[in-house]
Every structure is written in structure tokens, then in C-alpha cells.
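Protein chains in written order, with the working numbering: chain R, 1366 to 1448; chain P, 1366 to 1448; chain X, 0 to 150; chain D, 0 to 150.
Heads up, the beta-carbon is just placed ideally off N, CA and C, and yes, glycines get one too.
Just below is one structure, and these are the notes that go with it.
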Amino acid sequence: MKLRVLYFARLRERFGVGEETLDFAGATAADLVAHLQTRGGVWAEELAAGRAFRMAVNQDVIALDALLPDNAEVAIFPPVTGG
Amino acid sequence: MKLRVLYFARLRERFGVGEETLDFAGATAADLVAHLQTRGGVWAEELAAGRAFRMAVNQDVIALDALLPDNAEVAIFPPVTGG
Amino acid sequence: MKILVQTDPFDLGAEVAAMSRGRTDIGAIASFVGLARDMNEGSGVAAMTLEHYPGMTEKALAAVVDDACSRWTLLDVTVIHRVGRLLPGDPIVLVAVAGSHRGEAFDACEFIMDYLKTQAPFWKKEETMEGDRWVEARASDDAAAARWQAS
Amino acid sequence: MKILVQTDPFDLGAEVAAMSRGRTDIGAIASFVGLARDMNEGSGVAAMTLEHYPGMTEKALAAVVDDACSRWTLLDVTVIHRVGRLLPGDPIVLVAVAGSHRGEAFDACEFIMDYLKTQAPFWKKEETMEGDRWVEARASDDAAAARWQAS
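Set out below in C-alpha cells:
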């Protein structure tokens, strides 16, 4: 499936990318995280198990076992700190 | 002792007086209430035991057993309803 | 700290801006505006007149604010209460509380309103179709004030 | 209901006045302004930059306001959150809630702030003497939001 993946705040800066389009063979958010971890370096570090990051699919926060629909807008970001 | 006695809101309207100066032979707020009750009519009615009124002496709310200092400013008024 | 009793309207934006002007230590300002409604206890209200006890009013409001300052660490407090004749939609009372963090500002603002309602010598008289009437004190206001004593 | 994300400052007085204009059924407007402070976690902060997730931000704020409207009977709600670079003393966020009575207005206003802090995709980066740093999420904010689930 095709995914548009967005990164925000500290993760955007550490990854050095704000947005990318991926061809992705997995099914769930966890599969996507595992795929990104294989890039190594800051990707493996920031997305390691136990690290505090959040994910949204089509602008709704989701859990790691959520299924990703084709052409989804997926976002990965740190816990929010507005207000 | 001499007292300046103020009435507010519904009590002011019912008594038909907002302020008066009294020569008073008693000692406590309860004595003053008893004295005013002897006027009969609306005084006896509004200041009867169990009626909801409040008293202040020199602008502090007090209880009926409080002693009244000479030349005190005494106020009698309904429960407050501002805000 | 600023406490005013006045017939004139107040300007919420100006009052809150004045609290933070020239300061960089305030993180939170909680504020409250009470307004005159066109209905009370099932009757239409055309207007209301607020009476107060000059002298004691300011003293009672200052005591409520002092009480709040002893319970929370507050950076500034403004209380303005109007008196005289007001129409439905008119603002009656403003309470604004500045603090470092939001929790204390919210709590202190609500505390001051709850205590003001039961401690400050103001009385409302409403003009209704059935004639003028003095507003009766509410048990719910006593209950709102009492809950701060338990905590 | 009005929800805005903007770089420009907001005008608390104008926003609150707009909520009650032409209405006579509102008895209470509770409002909150959060401001940028010059200190955080023991370091001086010279400025901060707020980043957000355009599209999701508005959706998340609307969801928080809808949640508040399902918990309390509210007459109007305004939420304005600024983004971009802000200096100490600058207002960051405004939440204003109009209701018939003060209890629900206060509760809903604090609820919306607590949920906004944990649900809406905003991130703060601070400029300090030790360099730039992303603000970490606070356990106290999670706790503030969680207490609304028990009640």
C-alpha cells in the first residue's frame, strides 16, 4: 500500500524529514514502525520499544495494533506539549 | 451605649428606614434584636427567631451572642445574593 | 491586587492585559464574568438592581481574596463588582486570577466567586412581570462555598 | 462554537464580548489565558516556538470541545491557540466557555484546557541559554486530564 508519513517536532528534526511517501508491504502501525526501525541510526533509536511516541492515522490517534488503510496519512510525533 | 444601625435590601424596604441612631441599654447583638422586636409589626415579624437575617458590627459579620461596642456601626440584612 | 465596586461596566480584556503587562512570570490567568440573565426561577426578568453595603463590601471582598492568597500561590487578583440597575446581558462581576500554573488559577478563581456569592454584602432585586422581588439566597451557593472547607 | 489556530494574538475581551452579544440567556463565562513564561524547569526561556499538525489540530480541538458539550450544558465555547514564535509574556491559548450557571462554565473550561494539553498536537520548543530544547510532556498534565475520567 501507499502511505504518506508525517513527522513532527523533535522527531521531524532528528529524522531530518517532515514528510515522505512510502510503498509499504505491512498491515498495521506496528509493522510500519518495525519497517522504519530497519533504517537504523536515529530511526532505530527514536522508535525503539518503550520510547514515548504517538501515532495518528488520517488525523486520529491510534494504537500500534491499528490497521493502516491504503493511501492513509500516518503521523508519528512526540507526546504533545501545547497549551 | 450609642449605636448607628443600618438596614439593607428587603429589610430596609420593609422597615422603611435605611439608617438610624439608637441609645441602647443592652450588651449583645441578641439584645439589640430583642429591643427592635418590641417595636412590633414588621420588626417583630422580620426579626423573629428562625428568620434568615445576618448582622455585622463595624463591617464584620457577627453572631447573635457578640458584644456590641459603644458607637458601633451595626448592620442587619438578608442573606447576600450578589455575584 | 485590585478590588472595585462600581456602577460602570468593566473591560475584561483590559483588566486581564493589565495583570500581565510588563511581567513574564505569569503562566495562567483564569477569569470569570457573571452576567444578568433574562430568566430566574421561571420568571422573565426585565432588569435588576444591585444594592450593596459601602465600606463593608470592599472589606469583605478583600477578605475573600486574602483567604484565596493564603490557600494558593497567586501572582495577582482582580475583582470588580457592579452595583445599580443592570439589564439582561449586562456583565455583573469580574474575577481574574493570575498564577504560575493553571490549576491554582482555576481553583482560586472559582473559590473567590463561591465565597463572594455567600460573603460579600450585595443584594439583587429583580423587575419581573409579576412585580419587583428580592432574590432569595440559594442553598446551592452555600453548598458551593462549603465544599472548599472540606479540602 | 469557535476554534482557531493562528499566529496572531487574540483579544480576550472581544472574544468574550462576542459570545454574549445579543444574548440574554448566558449567566456565566469562564475563561482561561495561558501565557509564555520566562522560566521553565529551572532555565531561563528567551522565546518559544509552537509547532502543530495542521488539520489534525483543529479536529482534535473540536473533539475536546464536543466531549465537553456532552458532559455539560454549554451555551458557547471559544478556543484559540497560537502557533509560531512567542516571547515571554505573550498569550498562547484562550479557552472561554459560556453557560447558564458558573459551576458548569468553570468545570468545562478547565476540562478543555486539561484535554487540550494532552490531546491536541502542539509542541513547544524553547530557546534557553543552554540552547534550544523541545519541552517534554508532563506527568502532571496527564494526571490533570485523567481526573475527569473518574468523575
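Just mark residue i as buried or exposed, buried being the case when its beta carbon has 16 or more other beta carbons within 10 Å.
i: residue 15 of chain D; result: buried
i: residue 139 of chain D; result: exposed
i: residue 1432 of chain P; result: exposed
i: residue 29 of chain X; result: buried
i: residue 109 of chain X; result: buried
i: residue 116 of chain X; result: buried
i: residue 106 of chain X; result: buried
i: residue 73 of chain D; result: buried
i: residue 1407 of chain P; result: exposed
i: residue 60 of chain D; result: buried
i: residue 149 of chain X; result: exposed
i: residue 1381 of chain R; result: exposed
i: residue 50 of chain X; result: buried
i: residue 1446 of chain P; result: buried
i: residue 1448 of chain P; result: buried
i: residue 81 of chain D; result: buried
i: residue 1403 of chain R; result: exposed
i: residue 128 of chain D; result: exposed
i: residue 45 of chain X; result: exposed
How big is the Cα-Cα spacing for residue i and residue j?
i: residue 12 of chain D; j: residue 13 of chain X; result: 7 Å
i: residue 95 of chain X; j: residue 71 of chain X; result: 14 Å
i: residue 1444 of chain R; j: residue 1417 of chain R; result: 7 Å
i: residue 56 of chain D; j: residue 104 of chain X; result: 26 Å
i: residue 1366 of chain R; j: residue 1390 of chain R; result: 6 Å
i: residue 1398 of chain P; j: residue 1372 of chain P; result: 12 Å
i: residue 162 of chain X; j: residue 89 of chain X; result: With chain X represented from 0 up to 150, any question about residue 162 of chain X goes unanswered, as that position is not in the structure.
i: residue 1375 of chain P; j: residue 120 of chain X; result: 13 Å
i: residue 1441 of chain P; j: residue 25 of chain D; result: 32 Å
i: residue 84 of chain D; j: residue 17 of chain D; result: 27 Å
i: residue 1429 of chain P; j: residue 1383 of chain P; result: 21 Å
i: residue 137 of chain X; j: residue 1410 of chain P; result: 22 Å
i: residue 7 of chain X; j: residue 126 of chain D; result: 43 Å
i: residue 133 of chain D; j: residue 122 of chain D; result: 8 Å
i: residue 146 of chain X; j: residue 144 of chain D; result: 21 Å
i: residue 1423 of chain R; j: residue 43 of chain D; result: 37 Å
i: residue 52 of chain X; j: residue 131 of chain X; result: 20 Å
Out of the options, point me to the one whose CA is closest to residue i's CA.
i: residue 1438 of chain P; options: P/1379, P/1386 and P/1382; result: P/1386
i: residue 33 of chain X; options: X/87, X/97, X/130 and X/142; result: X/87
i: residue 1420 of chain R; options: D/20, D/135 and D/118; result: D/118
i: residue 19 of chain X; options: X/8, X/99 and X/131; result: X/99
i: residue 1435 of chain P; options: P/1393, P/1429, P/1412 and P/1408; result: P/1393
i: residue 1377 of chain R; options: D/40, D/146, D/80 and D/124; result: D/124
i: residue 158 of chain X; options: X/143, X/75 and X/102; result: Here chain X covers residues 0 to 150 and nothing more, so residue 158 of chain X does not appear.
i: residue 97 of chain X; options: D/27, D/41, D/31 and D/17; result: D/31
i: residue 1413 of chain R; options: R/1423, R/1382 and R/1395; result: R/1395
i: residue 102 of chain D; options: X/4, X/0, X/44 and X/112; result: X/112
i: residue 135 of chain D; options: D/40, D/0, D/46 and D/35; result: D/40
i: residue 5 of chain D; options: D/93, D/148 and D/42; result: D/93
i: residue 68 of chain D; options: D/131, D/0, D/145 and D/143; result: D/0
i: residue 1369 of chain R; options: R/1427, R/1448 and R/1388; result: R/1388
i: residue 141 of chain X; options: X/66, X/114, X/27 and X/129; result: X/114
i: residue 21 of chain D; options: X/35, X/131 and X/66; result: X/35
Taking C-beta pairs closer than 9 Å, name the residues in chain A that residue i reaches, listed in chain order.
i: residue 76 of chain D; result: Judged by its chain identifiers, the structure shown contains no chain A, and its protein chains are R, P, X and D.
Can you tell me which of the three DSSP states residue i falls into?
i: residue 5 of chain X; result: strand
i: residue 1411 of chain R; result: helix
i: residue 1405 of chain R; result: coil
i: residue 1428 of chain P; result: coil
i: residue 1370 of chain P; result: strand
i: residue 12 of chain X; result: helix
i: residue 1397 of chain P; result: helix
i: residue 25 of chain D; result: coil
i: residue 1380 of chain P; result: helix
i: residue 121 of chain D; result: strand
i: residue 17 of chain X; result: helix
i: residue 126 of chain D; result: strand
i: residue 1416 of chain P; result: coil
i: residue 1389 of chain R; result: coil
Worksheet entry | Minimum length 4: unbroken alpha helix (DSSP H) runs contained in the segment 47-102 of chain D | For secondary structure counted as the alpha helix (DSSP H) over 4 or more consecutive residues, the segment 47-102 of chain D holds these complete runs in sequence order: 55-70.
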